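First up is the structure itself, then whatever we jot down about it.
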Amino acid sequence: SQQGEEDPQALSIQEGENATMNCSYKTSINNLQWYRQNSGRGLVHLILIRSNEREKHSGRLRVTLDTSKKSSSLLITASRAADTASYFCGPNTGNQFYFGTGTSLTVIP
Amino acid sequence: DTEVTQTPKHLVMGMTNKKSLKCEQHMGHRAMYWYKQKAKKPPELMFVYSYEKLSINESVPSRFSPECPNSSLLNLHLHALQPEDSALYLCASSQQDWQPQHFGDGTRLSIL
Chain A
-13 SQQGEEDPQA
-3 LSIQEGENAT
7 MNCSYKTSIN
17 NLQWYRQNSG
27 RGLVHLILIR
37 SNEREKHSGR
47 LRVTLDTSKK
57 SSSLLITASR
67 AADTASYFCG
77 PNTGNQFYFG
87 TGTSLTVIP
Chain B
254 DTEVTQTPKH
264 LVMGMTNKKS
274 LKCEQHMGHR
284 AMYWYKQKAK
294 KPPELMFVYS
304 YEKLSINESV
314 PSRFSPECPN
324 SSLLNLHLHA
334 LQPEDSALYL
344 CASSQQDWQP
354 QHFGDGTRLS
364 IL
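Chains A and B supply the protein sequences, listed in that same order.
Each residue of the first sequence is one higher than the last, beginning at -13 in this note's numbering.
Each residue of the second sequence is one higher than the last, beginning at 254 in this note's numbering.
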């Protein structure tokens, strides 16, 4: 399986704290995508980082990519209760794309 | 509001029924996807259509039959499903294969 693996599986933090989730994958990629899924809803694309990029920012999101370690991390700064959701990474090899196992984030108000 | 519309939102069917799930997008996307998602698991890819042609079938049982009537519509025909097929079925679309995907909110399917 080309599936990415994420850790932690679950994360619970206080509002205002930062949340970091990690993704590891198995093969060379063209890019890696991060998605959020609120309970009972479809996934929402958050950010894409290309294989030649090491870091990318979007609002309160910061994504890093280390292709030598085949890993990526998603940092959410100053978390809000509305950030409570599941987060999935998606390594994209160019002709294959599989979601990681996901991290369930709970932000406590 | 989601730009990918899936109907119905909920579906309960018996194992002998035939039903169809529908997905529609008007963003001009040329790739469309079906995923199956069980509770607390990531979405699992089932089918990919690229330019209205089936490009990937992830060894899905024949009781699931996809159809892409035109570039905006994607159907999933269901027949003789099993209880283990109960899940959330998600449709997605993207400009081209594997570019960032836009998801619908899914059809929650229950097989009795």
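The beta-carbon is built from N, C-alpha and C at its ideal position, and this holds for glycine as well.
Only a predicted model underlies this, so the values are computations on that prediction, with no experimental measurement involved.
Asked                                                                                                                                 : Found
CA nearest to the CA of B/Y288, picked from B/S325, B/P319, B/G281 and B/N323                                                         : B/P319
Inter-residue Cα distance where the pair is A/E3 and B/M285                                                                           : 37 angstroms
Per-residue contacts from B/G357 into chain A (C-beta, under 9 angstroms)                                                             : G28
The beta strand (DSSP E) enclosing B/L334, as first and last residue numbers                                                          : Counting along the chain, B/L334 falls outside any beta strand (DSSP E), and DSSP gives it neither H nor E.
Helix, strand or coil at A/D52 [DSSP, three-state]                                                                                    : strand
B/L307 versus A/V49: straight-line alpha-carbon distance, rounded                                                                     : 33 angstroms
Cα-Cα separation, B/S346 to A/L34                                                                                                     : 16 angstroms
The segment 36 to 50 of chain A touching the segment 318 to 333 of chain B, judged by at least three CB pairs closer than 8 angstroms : no
As assigned by DSSP and simplified to three states, the class of B/T360                                                               : strand
One or two residues paired with B/K317 in a DSSP bridge                                                                               : The sequence shown places Phe at residue 317 of chain B, rather than the Lys named in the question. Note: B/F317 sits in a beta bridge opposite B/L331.
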